[in-house]
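Contents: one structure, followed by commentary.
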Amino acid sequence: MHNKLRLSLIFLCFVFVTLQIWAQKVNEFPSKTDPLHKKVALFDRLMLGNHWNEGAIMQHVIFPPAGLDRPIVGSQADCLDPTSEMLAAYSHKYALTKDNKDREIANQIFEAILKLEKVTGVSGLVARSFNKTDEPLWHEEVMWYHEWHGSTSMPGYRWLGDLSADKFTSIFYGVGTFWEICADAEYKKKAAGLLDRFIGRVIDNNFKLTDLDGKMTLWGNFCPDLPHQQLNSLEMLAALKVTHRITGKERFNAAYHMLIDRYQYDDHQINSKILFPEEWRNVGDDYHAARSLYMLMRYEDDPNLLNKYRMNLNRHWYDWKDIEFTWESTIWFVMVYQVLTDEDIMTEDKKQAIKDMWGFERRKKEFNIPQKDGSFKKITSEEEGTAAAMIRNYWFGRYYGIIDEKW
Amino acid sequence: MKIFYTALIILIGTSPNFSQDLNEPPEGMVLVAEGGFIMGSKYGDHDEKPKQIAYTKAFFIDKYEISNTEFAKFDSSFKFPASKKDNAAIVTWSQADAYAKWAGKRLPTEKEWEKAARGIDGRVFPWGNTYDNTYVVWDQKSTRGTSIAKPASPYGCFDMAGGVWEWTADWYKPYPGNKTPMEQYGEKYKVMRGGSNFNNHSFIRTSQRYYLLPEKISNYPVGFRCVLDIEQK
């Protein structure tokens with residue numbers, strides 16, 4: 001082959017590979033001075049363009065070359081959080097716009113949660129995440145526990161197990177919101193079926209999230225016979241309430257009242273916010289409490305129980321009323337409080353914090369990537385975090401009239 | 001049933017053992033007396049069943065997990081930040097085993113670990129049956145008995161609930177009489193005990209078992225403490 005021809009072919013290959021890599025990226029970022037609606041629109045494009053994994057929304061994206069040939073490799077343990085946030089976001093958005101394109105996106109995200117169940121091959125067992133790959137990806141070794149499995153029900157996929165109480169909350173919150181304000185009749189039925197199997201399996205295992213090996217997962221304990229966090233009592237009650245509402249099945253109502261009558265979960269949940277010692281306050285836990293209370297307090301109509309849930313909310317508000325908006329979900333806490341109590345607590349500072357919401361920066365980072373021979377190779381690449389909470393906050397605020405469309 | 005267990009344990013636990021009084025624990029260790037104890041649980045995972053009476057000989061066990069400073073005396077290549085000198089050393093099973101041998105000791109069996117943690121009366125936690133956040137080492141920076149309430153186990157061991165998991169010598173196998181199959185049983189995984197600061201409350205129960213590849217601890221924080229056999233007098 002002539003040298004000239006060879007060089008041309010090499011150049012063409014280079015151009016093709018480069019285009020392949022960059023074609024997978026949405027690259028337009030908003031500026032901090034843009035109005036909120038523009039920031040949300042651009043971050044939405046970034047999330048759908050760069051974080052979309054067959055409908056599941058990835059919390060962390062590493063671009064090639066560190067992600068090898070795909071941009072979705074990153075730590076995936078928490079991807080049910082942004083997935084449920086985007087599902088809720090598009091559900092609220094559809095409820096406002098009635099645009100079928102928004103509903104279709106919500107449907108696709110919901111289908112990904114169904115796939116998280118299907119990929120495990122066990123009815124009601126939901127994975128944390130999945131990847132379409134035959135071979136283990138490099139980050140499985142270094143970014144999470146050895147809880148990845150090859151799928152037997154979906155050959156060519158791998159999935160991450162050890163589902164936790166917070167992802168459990170993501171599921172009933174996201175799917176519950178979707179069912180409530182977005183899903184059509186067909187999807188309502190699918191959503192009910194998913195929660196029936198998922199929450200039903202937890203009940204069957206004595207209120208424990210159990211993994212493929214039959215053991216309780218590291219953070220999957222709602223069991224009345226085992227010591228568990230007060231927050232987990234709250235999450236379990238909320239899950240049962242939502243599932244009863246959606247499925248209409250009496251077993252979920254019976255389980256709800258059994259945990260209250262026999263095991264006093266209604267009392268136990270009151271202290272799910274740890275206020276003192278102050279360094280134990282945890283906004284991560286608050287997020288799960290906020291999602292649980294948001295679903296539970298709107299669905300419960302027993303005044304005695306509502307009073308106890310309000311006591312829990314009050315303990316959170318003790319901290320939230322002065323909270324610094326260092327994380328997008330902390331802004332959402334305040335909105336949830338307003339929706340649940342109808343108190344007008346939106347000061348100018350809080351409104352400004354909402355207007356200033358931001359997603360993420362794309363950063364360069366050096367990754368130490370394990371090789372097949374056991375060595376490690378340093379590769380510099382780019383990574384993105386998630387803007388799903390910000391986008392959910394926006395459409396939630398718009399839906400409840402907290403956020404003005406002109407902001 | 002509870003009364004039966006209690007009566008049995010009192011009988012077994014108070015049976016005479018003349019040798020133990022002759023043995024003063026070495027510095028940093030405590031004595032665990034020979035005899036029976038309640039092992040396992042009927043409420044936990046299926047691998048904790050059946051709840052049973054198990055026996056051990058008398059042995060000494062470390063009061064605390066091996067710290068970074070202690071481990072570095074054995075392995076000078078072991079690096080850690082100066083601020084973490086008292087933290088439990090997080091190591092693979094082979095490293096833990098090698099340290100124990102170097103120190104003239106060994107890793108505890110599951111039975112020994114569980115007895116040292118819960119005593120003879122089948123308690124759920126080292127301090128009793130009631131959960132309390134202040135009893136638990138939730139922070140790996142805060143080891144060496146520095147949980148708020150500083151509870152010791154009945155034999156005087158600290159930090160057996162939370163902080164870091166702890167290696168045992170044993171492969172992950174079913175208890176005698178356990179009929180629930182698990183593909184993980186065998187000689188592939190080692191058992192770790194005690195839970196860490198990164199899991200739910202149930203994992204710090206004294207009977208909780210968890211399995212892990214001995215050389216691939218990944219993100220699991222696993223430390224260890226050692227046991228010393230008591231020579232027959």
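Protein chains in written order, with UniProt numbering: chain C, 1 to 407; chain W, 1 to 233. All C-beta atoms in this analysis are idealised placements derived from N, C-alpha and C, irrespective of residue type, glycine included.
Just to confirm my understanding: we take C/Leu46, look at its own chain, exclude 5 residues before and 5 after, and list those with CB closer than 6 Å. What are they?
Val26
Using only CA atoms, which one of C/Leu114, C/Gln371, C/Ile403, C/Glu361 lies nearest to C/Lys32?
C/Glu361
What residue range is occupied by the uninterrupted alpha helix (DSSP H) comprising C/Pro303?
303-320
Element boundaries [beta strand (DSSP E), containing W/Asp229]
Looking at the DSSP string, the run of the beta strand (DSSP E) that includes W/Asp229 is 227-229.
Run of the alpha helix (DSSP H) containing W/Phe224, from where it starts to where it stops:
It is not in any alpha helix (DSSP H) - W/Phe224 carries neither H nor E in the DSSP assignment.
Distance between W/Ala58 and W/Asp21 (C-alpha atoms, nearest Å):
For W/Asp21, the pLDDT reaches just 49, beneath the cut-off of 50, and the residue's location in the model is therefore unreliable, although a value from the coordinates is still provided. Taking the straight line from one Cα to the other gives about 11 Å.
Does the contact criterion of 3 or more C-beta pairs under 8 Å hold for the stretch 121-132 of chain C versus the stretch 148-162 of chain C?
Taking one beta carbon from each stretch, the stretch 121-132 of chain C and the stretch 148-162 of chain C have 3 or more pairs nearer than 8 Å; the two touch.
Where the beta strand (DSSP E) through W/Ala169 begins and ends
Element bounds for W/Ala169: 165-171.
Burial state of C/Ala389, where buried means 16 or more other Cβ atoms lie within 10 Å:
buried
At a Cβ cut of 9 Å, what residues of the stretch 215-246 of chain C count as close to chain W, listed as they run along the chain?
Listed by position along the chain: Lys215, Met216, Thr217, Leu218, Trp219, Gly220, Asn221, Cys223, Asp225, Leu226, Pro227, His228, Gln229, Asn232.
How do the stretch 72-83 of chain W and the stretch 40-48 of chain W stand: do at least 3 beta-carbon pairs fall below 8 Å, yes or no?
no
In chain order, what are the residue ranges of uninterrupted alpha helix (DSSP H) at least 4 long that sit wholly in the stretch 147-234 of chain C?
Those alpha helix (DSSP H) runs which fall completely within the stretch 147-234 of chain C and span 4+ residues are 165-181, 185-204.
Mind checking whether W/Gly162 and W/Ile204 have CB atoms under 7 Å apart?
In this structure, W/Ile204 lies closer than 7 Å to W/Gly162 by Cβ.
State yes or no: is the C-beta of W/Thr206 within less than 7 Å of the C-beta of W/Glu114?
yes
Buried or exposed for C/Asp196, please, with buried defined as at least 16 other CB atoms from any protein chain shown within 10 angstroms of its CB.
buried
Counting along the chain, where does the beta strand (DSSP E) carrying C/Leu293 start and finish?
Note, C/Leu293: premise wrong, no beta strand (DSSP E); alpha helix (DSSP H) at 283-299.
Are the C-beta atoms of W/Gln140 and some chain C residue less than 7 Å apart?
Confidence is the limiting factor: at W/Gln140 the pLDDT is only 49, short of 50, which leaves the residue's position unreliable, though a coordinate-based value still follows. Answer no: the Cβ-Cβ gap between W/Gln140 and chain C never drops below 7 Å.
Spatial neighbours of C/Thr217 within its chain, please: CB distance less than 6 Å, with the 5 preceding and 5 following residues excluded, ordered by chain position.
Asp162, Leu163, Leu209, Asp211
Neighbourhood of C/Val61 by C-beta, 7 Å cutoff - its chain only, sequence neighbours within 5 removed
These residues qualify, in order along the chain: Asn50, His51, Pro71, Ile72, Gly74, Glu383, Glu384.
Going by alpha carbons, who is nearest to C/Phe29 out of C/Leu42, C/His37, C/Lys118?
C/Leu42
Counting Cβ pairs, one atom from each stretch, are 3 or more of them under 8 Å apart for the stretch 346-358 of chain C and the stretch 323-332 of chain C?
yes
Just reading off the alpha helix (DSSP H) that C/Arg103 is part of, what are its end residues?
100-118
Give a yes or no on whether the C-beta atoms belonging to W/Arg106 and W/Val227 are separated by under 7 Å.
Annotated as proximal: W/Arg106 and W/Val227, with beta-carbon spacing under 7 Å.
Own chain partners of C/Tyr187 with C-beta closer than 7 Å, once the 5 adjacent residues on each side are dropped:
Asn107, Phe110
Residue-chain proximity (C/His316, chain W), Cβ-Cβ < 7 Å:
Under the Cβ criterion of 7 Å, C/His316 is not counted among the residues facing chain W.
Would you kindly work out how many angstroms separate the C-alpha atoms of C/Ala56 and C/Ile403, rounded to a whole number?
27 Å
Show which residues of chain W have a CB atom less than 8 Å away from the CB atom of C/Asp213.
Met182, Glu183, Gln184
Below 8 Å on C-beta distance, what does W/Ile216 contact in chain C?
It is Lys, not Ile, that sits at residue 216 of chain W in the sequence shown. The answer, in chain order, is His146.
Within chain C, the residues that W/Tyr131 reaches when beta carbons sit closer than 8 Å:
Under the 8 Å cutoff, chain C gives Pro227.
Residue environment, C/Ala238, which counts as buried when at least 16 other CB atoms sit within 10 Å
buried
Boundaries (first-last residue) of the beta strand (DSSP E) holding W/Asp62:
59-62
Using 8 Å as the Cβ pair cut-off and three pairs as the minimum, do the stretch 370-377 of chain C and the stretch 341-348 of chain C touch?
no
Taking Cβ-Cβ distances below 8 Å as the criterion, which residues of the stretch 21-47 of chain W are in contact with chain C?
Tyr43, Gly44, Asp45, His46, Asp47
With C-beta atoms as the reference, is W/Asp62 less than 7 Å away from W/Arg225?
yes
Return the residues of the stretch 187-203 of chain W that lie within a Cβ-Cβ distance of less than 8 Å from chain B, sorted by chain order.
Among the protein chains in the structure shown, which are C and W, there is no chain B.
Can you check which of these residues, C/Arg201, C/Ala95, C/Thr97, is closest to C/Glu117 by C-alpha distance?
C/Arg201
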